[in-house]
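Chains as they are written, first to last, in the UniProt record's numbering: chain A, 1 to 337; chain B, 1 to 337; chain C, 1 to 337.
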Amino acid sequence: MHFTGANILSVKQFDAEAIQQVFSIADQMQPYAHRKKRTKVLDGAILGNLFFEPSTRTRVSFGTAFNLLGGEVRETTGMESSAIAKGESLYDTARVLSSYSDIIAMRHPKAGSVAEFADGSRVPVINGGDGANEHPTQALLDLYTIQKELLHNQLTVDGMHICMVGDLKYGRTVHSLSKLLSMYKNVRFTLISPRELSMPDDILSILDSAGHRVTVTEKIEGSLDADIVYQTRIQQERFANLQDADQYRGKFRLNHEIYTRHYKPNTVIMHPLPRDSRAEANELDNDLNQNPNLAIFRQADNGVLIRMALFALTLGVENLLQKYETDVVWHSAKANL
Amino acid sequence: MHFTGANILSVKQFDAEAIQQVFSIADQMQPYAHRKKRTKVLDGAILGNLFFEPSTRTRVSFGTAFNLLGGEVRETTGMESSAIAKGESLYDTARVLSSYSDIIAMRHPKAGSVAEFADGSRVPVINGGDGANEHPTQALLDLYTIQKELLHNQLTVDGMHICMVGDLKYGRTVHSLSKLLSMYKNVRFTLISPRELSMPDDILSILDSAGHRVTVTEKIEGSLDADIVYQTRIQQERFANLQDADQYRGKFRLNHEIYTRHYKPNTVIMHPLPRDSRAEANELDNDLNQNPNLAIFRQADNGVLIRMALFALTLGVENLLQKYETDVVWHSAKANL
Amino acid sequence: MHFTGANILSVKQFDAEAIQQVFSIADQMQPYAHRKKRTKVLDGAILGNLFFEPSTRTRVSFGTAFNLLGGEVRETTGMESSAIAKGESLYDTARVLSSYSDIIAMRHPKAGSVAEFADGSRVPVINGGDGANEHPTQALLDLYTIQKELLHNQLTVDGMHICMVGDLKYGRTVHSLSKLLSMYKNVRFTLISPRELSMPDDILSILDSAGHRVTVTEKIEGSLDADIVYQTRIQQERFANLQDADQYRGKFRLNHEIYTRHYKPNTVIMHPLPRDSRAEANELDNDLNQNPNLAIFRQADNGVLIRMALFALTLGVENLLQKYETDVVWHSAKANL
């Protein structure tokens, strides 16, 4: 995959080589993300951080990643109501707003809108989430986290066992991650969900035809040798009534007691966040907060690295990072990471 | 006109010499806007980008222009509701907010509010639109676009023929542009609008007394030798009923067929944007999107140049741009402009 | 007090030595705030400016202070509605959002929330106001202003006479300021308010036990030798009816005539802002705008200095400011301050 000048719209664009290229650059971003060094390789470049749907953490993560490479950020939050009310096309919006920046990160509630915007844009566009469709940087940061966490446990993605738990039908995150994982070898998937919320057939087909071992189940049994457990939220609004939802949640929650009983001592715990910390939902209990295998906040850290890597690749500076390095003279808690 | 430290509140401040000064500096901004070079002449300066009325594109255009000169941007979108609800005067708001920046770009829904704010401000204020009153940077970028497009066709503003089409009564844009054009020589104006939406008398007087040739008409005939056609929106809410509005729109729209029949092959097409791309409105059809004379997106590009020029002049650095130049090392699609 | 890496959550953290340390660094910030010099000591550092409750001036003041030290600002305004609606804990929000910055300035409507956030944060947090609880940077800038204004009049905080006027019951500002002033010697407090809005007993106890001379009164008499008059707003919504409120306002307003009659020619006039400039409220009349003792806008200027000092101390660069100095080449009205 040729990154310079490219749009990043879908996980489908990435083959195994492209993924490893992104991850290799993400690794090189660590000294900058940890504030051990500073790089100004994007000095003078402007990110258009266009969040037509609010998402504080994704928006700030993109902005921070760009700042850490030395660039500036101009941004917008929420619908550009006046222009849309006046009937402006997404093409026009894209033509105009792309006048103001060198690269665009964009979120929009409508599936397909980011690709449509990219058609009108005169600069590369990175999809920050377009409705139920795609959120490729989330999928990449999930995979990057899995690879790093497994490496820490002296394991690899090839041959690993991942449990995905909860709402596997509507969760954009697990769909995209599954597509990426299908490119690896001999992955064992245990897909634990109520039947009504099971993984869609098209994803199952992709996994099957790639030769992976897939178990679809409604019960948590069989997870004892999982290397990764990826929890998702049970969305009670999908159910006929609260009792049904509560019954599912009872089965699909994860807390210290369940973890100890059903998983290995080093099974890595992931979640796309935000998690519902309320007792009645509790898909991932706070009593796991001190568990060293809880990787959910490392996912957020990794998101910055992945976004830095994509910016560097798209703007063609992945080999110039060190050349524009300077020292960091202030104290940062990040240096302890 | 002495620019350093001045407020930019109205097109009335500009004489022919001042306009040419702005345009000359805008021309010098091209290498920076096209990312061929970077200048850091405003390193450490802070723009207060105060949009008390939302306007994504104007706000981002001002912010981008400031970043491209090396400055930082602090901004606000929407009404400062709490302070206003507590009865704070615009004078107090101005005194306080001007503590935080070196220059302010401000939009506000109330006519006259930007000038009132400027009275309390301790730093220069650039009007980014104050209700129905003024939007001087839009008028300047329109004129700058006209001059550049005509030059490309080996023509000048002196002696040109411009058609203004649509709602000429309420359109702030065509009023300000007409005032600026009145300073040139021997311009021919064809003002095409329904009688109810015709150009106000005070603007007509200015054009008449400056000796320009003005034709007021409800029909598109007579436009065949126009050098510029400036389309505006027909605002259906101004009409008694939809049928009336539709009838007007039928006459005042512009599409490929009408363009070919009523204009020269090189008549430049302009519009203040956003345009209404819906079929029922269609003041400027998408079937003209590939027409090389369509200048509407070049208007947006020129807006950045004009705003950069005004910032440089107001902060007194128009002769220091090159001294603080650095190289651009990242890939930018802007370099192809 | 050890500042590097510390949270700034409450005025209670500050002893006399810590206060003088902050003020000494604030003094050193003047050439940068006045744009006589530029420092880039925080080059590459990122402020997370998280305003979960809107407050334009405090938000922009923090952002400007960080920019003036060379840092970048990522920010959010308003509630992160989606995450909270999905039941995310403040701990999770803090863990994630602190991934993106080196220091956080945070405002939140709920008392105690900033401290709770700080528990989850991996970087230092500065309280920008948490409901009725604390707003320590406001208290510090008020005290800094008092000290500077008194110095100009050849007076000191020790031994001064301050009148606090208006709503002393609900005003967070006067409570925090009183706590800070209690650390000085022999201050005379005249606390002028309607009985229903008098200073709470716990604050009076602090002042009493520190040996200060406190007069609680409903009448403005006895203010003739005050060195400072600190006006606050009378909030009519606290009263049974408008007439009662008006009666109080009649007594507790300040204008040129009252000032001349009840205060010394050099009594310094302060107010936390915004002030209600409407005639029916008028706690501080516009006819005092040209009075050289009116310090309310100098308070805003000082707020930038105090916030710069806190950032420098917290990030451990207070001794490196000059080392990373550069020249300012653009024209700034700030240079005349």
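Every residue gets a Cβ at the ideal spot worked out from N, C-alpha and C, and that includes glycine.
Next item on the list: Would you list the one or two residues that DSSP bridges to residue 127/A?
Entry: 106/A
Any beta-carbon of chain C closer than 9 Å to the one on residue 273/A?
yes
*Along chain A, in chain order, which residues have C-beta atoms closer than 8 Å to that of residue 89/C?*
277, 286
Assign residue 178/A to one of two classes, buried (16 or more other C-beta atoms within 10 Å of its C-beta) or exposed (fewer than that). Buried: at least 16 other Cβ atoms inside 10 Å.
How far does the alpha helix (DSSP H) with residue 27/C in it extend, from its first residue to its last? 16-28
*Residue span of the alpha helix (DSSP H) that contains residue 117/A, given as start and end*: 113-120
Practice task
With a threshold of 16 other CB atoms inside 10 Å of the CB of residue 186/A, please say whether the residue is buried or exposed.
Solution key: exposed
- Going along chain C in order, which residues have a C-beta closer than 8 Å to the C-beta of residue 5/B? 331, 333
**Prompt:** Short check: CB of residue 141/B to CB of residue 302/B, under 9 Å?
**Reply:** yes
Practice problem: Using the Cα positions of residue 267/C and residue 43/A, report the straight-line distance between them to the nearest angstrom. | Solution: 49 Å
- request: Kindly list, in the order they appear in chain A, the residues whose Cβ is closer than 8 Å to that of residue 74/C.
  value: 60, 63, 64, 67, 73
- [ ] Pick out whichever of 260/C, 272/C, 99/C has its Cα sitting closest to the Cα of residue 30/A.
- [x] 99/C
Cβ-based burial, residue 171/B [other Cβ within 10 Å; buried from 16]: buried
**Asked** Which residue's Cα is closest to the Cα of residue 34/C: 285/B, 151/B, 46/B?
**Response** 46/B
Can you pull the chain A residues whose beta carbon is under 7 Å from the beta carbon of residue 300/B, in chain order? 96, 99
Next on the checklist: Is residue 105/B close to chain C? Criterion is C-beta to C-beta, closer than 9 Å.
Outcome noted: no
>> Can you check whether the C-beta of residue 289/C is within less than 9 Å of a C-beta belonging to chain B?
In response: yes
Q.
Quick check on residue 157/A: does DSSP put it in helix, strand or coil?
A. Three-state DSSP puts residue 157/A in coil, outside helix and strand.
Opening and closing residue of the beta strand (DSSP E) in which residue 143/B lies:
Residue 143/B: not part of any beta strand (DSSP E); member of the alpha helix (DSSP H) spanning 136-152, first to last residue.
Inset, instruction - State yes or no: is the C-beta of residue 166/B within less than 9 Å of the C-beta of residue 232/B? - result: yes
**Prompt:** Quick one: complete alpha helix (DSSP H) runs, 4+ long, within the region 222-258 of chain A?
**Reply:** 242-252
With distances taken Cα to Cα, identify the nearest neighbour of residue 312/B among 66/B, 326/B, 79/B, 125/B. 66/B
- [ ] Show which residues of chain C have a CB atom less than 7 Å away from the CB atom of residue 86/B.
- [x] Within chain C, the C-beta atoms nearer than 7 Å to that of residue 86/B come from 274, 276, in chain order.
| Is the distance from the Cβ of residue 217/A to the Cβ of residue 188/A below 9 Å? | no
Would residue 25/C pass as a contact of residue 309/C if the rule is Cβ separation under 9 Å?
Result yes, Cβ atoms of residue 25/C and residue 309/C sit closer than 9 Å.
Would you kindly work out how many angstroms separate the C-alpha atoms of residue 41/A and residue 327/A, rounded to a whole number? 14 Å
By the three-class DSSP mapping on this structure, what secondary structure does residue 60/B have?
helix
Does the separation of the CB atoms of residue 162/B and residue 228/B fall below 9 Å? yes
Worksheet entry | Limits of the unbroken beta strand (DSSP E) element including residue 51/B | 46-51
Candidates 244/C, 2/C, 12/C, of which the one nearest residue 181/C by Cα: 12/C
In three-state DSSP terms, what is residue 278/B?
-> coil
request  = Leaving out five residues on either side along the sequence, give the residues of the same chain with a beta carbon under 8 Å from the beta carbon of residue 123/C.
outcome  = 48, 98, 101, 102, 103, 104
Residue environment, residue 121/A, which counts as buried when at least 16 other CB atoms sit within 10 Å: buried
Give the secondary structure of residue 196/A by DSSP, where H, G and I count as helix, E and B as strand, and everything else as coil. helix
At which residues does the alpha helix (DSSP H) containing residue 306/B begin and terminate?
-> 296-314
ask   = How many Å lie between residue 72/C and residue 6/B at the Cα?
value = 28 Å
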